[in-house]
Amino acid sequence: MARRFPAHLLCWLLLLLALLFLLHDAHLRGLAWNTCQLAVATAAISLPLGALLAFLVVRSDLPGRRGVLILLVGMLAVPLYVQTACWQAAWGTQGWLVRLVGADSVGGFAAAVGVHALGAVPWSALIVGVGLANVEPQLEEAALLEHPAWVVAGRVTLRRSLGALAAAALWVMVAAASQMVVTDQFQVRTYAEVVYQDLAIEPGVLPPGILPGVVLSAWLLLATGWTVSRLLPSGGETRLAPYDYRLGRYRLAAAGAVLLVLLVMVAVPVISLAIQAGWDVERTATGGFVRHWSVGKFVSLTATALWDYRRHVYGTLLAGIPASLISLLLGVLLAWWCCRSAWGSVMTVALLAAALSVPGPVLGLAAIWCFDRAELPWLAWLYDHTPAACWAVQAVRGLPPATLILWHALRSVP
């Protein structure tokens, strides 16, 4: 019988190589430490909150859970830079929430973690929700014959969803570590931001310190991917409908807690946008200026925004929808390959690790190098006249979460 690929040995070798690089450079050690702190803190906040929301929405009799699910899906469409601006308007300097409660403004590392964590909650909830929805019902029904529901929820439902929990943790940490929108706003130095700045100074030259971060990220991703593959359900008969856990006397309390979380995640950013859209400045009789909030300014700006920015909206949809479809199609193929072949699982985990460990600016530089080729006129034409390069980069960035979710779902299909 053929021996299995020693994936754990590759993970430890990559970790050793990354640590050797980091020990050689104090500056890189500091950046790596900041990035790890940000990623771990973000996951520590968003993952438990997202998992709890997922359980209440997907596997309980929570009232209004369909509306909660719609809100969570809708929040995925809000770009991170918009969320950052909303929270900055709420708890930043002169923010409306700061003035309302009389507290100090929030900034720096705490603000960066807070924005990343709140933005990652919908991702955590939906990824974990897919895992919870695909737990084998027959296992739960059999366990319910001998144990109370809360024991079955912990020992069967959550245990069978560990693969989805690991996938959610992986995605949240990588997303927090690779984004620079939030950290740049709150002046937190991370690995991704420094890589971007170095590329901006010398666009055609890869930063010399990029290799340790890529290797360390690849180690984390390979280790997590190997763990996910070990925790995925093995498949089986799933004709029974998923069991909905009864909340009983805690039903209204759970609904109130979910409503409070949604108010923080949705209402506060929406109020921030409304306040910013309604500010108006008028000249006084003495020649000065007074700043006040105007309903008319809010209505007019809101009514004309979609038309005024129609080209930007069209460009966003043109760049995002094809890339999403490409990621979905490739994710289905890779997930199917993983379910049919152990070697396919190894290759897919390595591919996803490579896709996630390479910083976004480097992917963009690679796409430009691939498409902007004078010796291949058709590629140059695609680069000059279509968003093909953008589609390629966005598809690569979206492939890992799509594959992990589909992998978990397909492994539950008999």
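Per our numbering, the sequence shown starts with residue 48, numbered consecutively.
The beta carbon of each residue, even a glycine, is placed where N, CA and C say it ideally should be.
Own chain partners of residue i with C-beta closer than 6 Å, once the 5 adjacent residues on each side are dropped
i: Ile-92; result: Ala-164
i: Ala-377; result: A small fix is needed here, since residue 377 is Leu in this sequence, not Ala. Leu-446, listed in sequence order.
i: Ala-223; result: Leu-85, Ala-86, Thr-89 and His-163
i: Leu-426; result: Phe-418 and Arg-420
i: Val-337; result: Glu-329 and Thr-331
Presumed contact (8 Å Cβ cut-off) between residue i and residue j, rounded CB distance
i: Ala-86; j: Met-227; result: With a Cβ gap of about 13 Å, Ala-86 and Met-227 do not count as contacting.
i: Val-175; j: Ala-98; result: 5 Å
i: Gly-449; j: Leu-375; result: Sequence inspection shows Ala at residue 449; the Gly mentioned does not correspond to that position. About 6 Å; that satisfies the 8 Å criterion.
i: Ala-382; j: Leu-457; result: 5 Å
i: Leu-144; j: Val-315; result: 7 Å
i: Ser-171; j: Ala-215; result: 5 Å
i: Ala-211; j: Val-177; result: 6 Å
i: Pro-406; j: Val-148; result: In fact, because the Cβ distance is near 38 Å, the residues do not count as touching under 8 Å.
i: Val-308; j: Leu-100; result: 7 Å
i: Ala-442; j: Ala-370; result: 5 Å
Local Cβ density within 10 Å of residue i, reported as buried at 16 or more and exposed below that
i: Pro-126; result: exposed
i: Arg-106; result: buried
i: Glu-183; result: buried
i: Leu-173; result: buried
i: Leu-310; result: exposed
i: Leu-192; result: exposed
i: Ala-400; result: buried
i: Ser-388; result: exposed
i: Val-198; result: exposed
i: Val-440; result: buried
i: Gln-135; result: buried
i: Trp-218; result: buried
i: Tyr-430; result: buried
i: Asp-353; result: In the sequence under discussion, the amino acid at residue 353 is Leu, which differs from the Asp named in the question. Exposed, since its Cβ has fewer than 16 Cβ neighbours within 10 Å.
i: Pro-408; result: buried
Three-state secondary structure (DSSP) of residue i
i: Arg-207; result: helix
i: Ser-392; result: helix
i: Tyr-292; result: strand
i: Ser-107; result: strand
i: Val-433; result: Correcting the residue identity first, residue 433 is Thr in this sequence and not Val. Correct three-state label for Thr-433: coil.
i: Ser-152; result: coil
i: Met-25; result: Since the first and last residues shown for the chain are 48 and 461, residue 25 lies out of range.
i: Asn-181; result: coil
i: Ala-46; result: Nothing can be reported for residue 46, as the shown portion of the chain is limited to 48 through 461.
i: Pro-195; result: coil
i: Phe-102; result: helix
i: Leu-423; result: coil
i: Gln-234; result: coil
i: Thr-140; result: coil
Cβ neighbours of residue i in the same chain (closer than 7 Å, five flanking residues each side left out)
i: Phe-345; result: Ala-321, Ala-324 and Gly-325
i: Phe-102; result: Leu-179
i: Phe-233; result: Gly-154, Gly-155, Ala-158 and Ala-159
i: Thr-351; result: none
i: Thr-204; result: Arg-106, Leu-179, Val-182 and Glu-187
i: Val-379; result: Leu-453
i: Thr-82; result: Ala-224, Thr-237 and Tyr-238
Beta-carbon contacts of residue i that lie in its chain and below 8 Å, excluding the five residues immediately before and after
i: Arg-9; result: The structure shown does not extend to residue 9, since the chain spans only 48 to 461, so no value can be given for it.
i: Gln-130; result: Val-162, Leu-165, Gly-166 and Pro-316
i: Ala-137; result: Trp-143, Leu-144, Val-145, Val-315, Pro-316, Ile-318 and Ser-319
i: Arg-202; result: Ala-190 and His-194
i: Ala-435; result: Phe-418 and Leu-429
i: Val-313; result: Leu-118 and Met-122
heavy atom of the ligand COA below 6 Å from residue i C-beta
i: Pro-408; result: Here there are no bound small molecules, and the ligand COA is not part of this structure.
Q) In chain order, which alpha helix (DSSP H) runs of at least 4 residues are fully inside the segment 299 to 381? A) 315 to 325 and 342 to 355
Q: Kindly provide the ranges of any alpha helix (DSSP H) runs that are 4 or more residues long and lie completely inside the segment 396 to 420, ordered along the chain.
A: As summarised for the segment 396 to 420, the continuous alpha helix (DSSP H) elements at least 4 residues long and confined to that stretch are 407 to 418, given in chain order.
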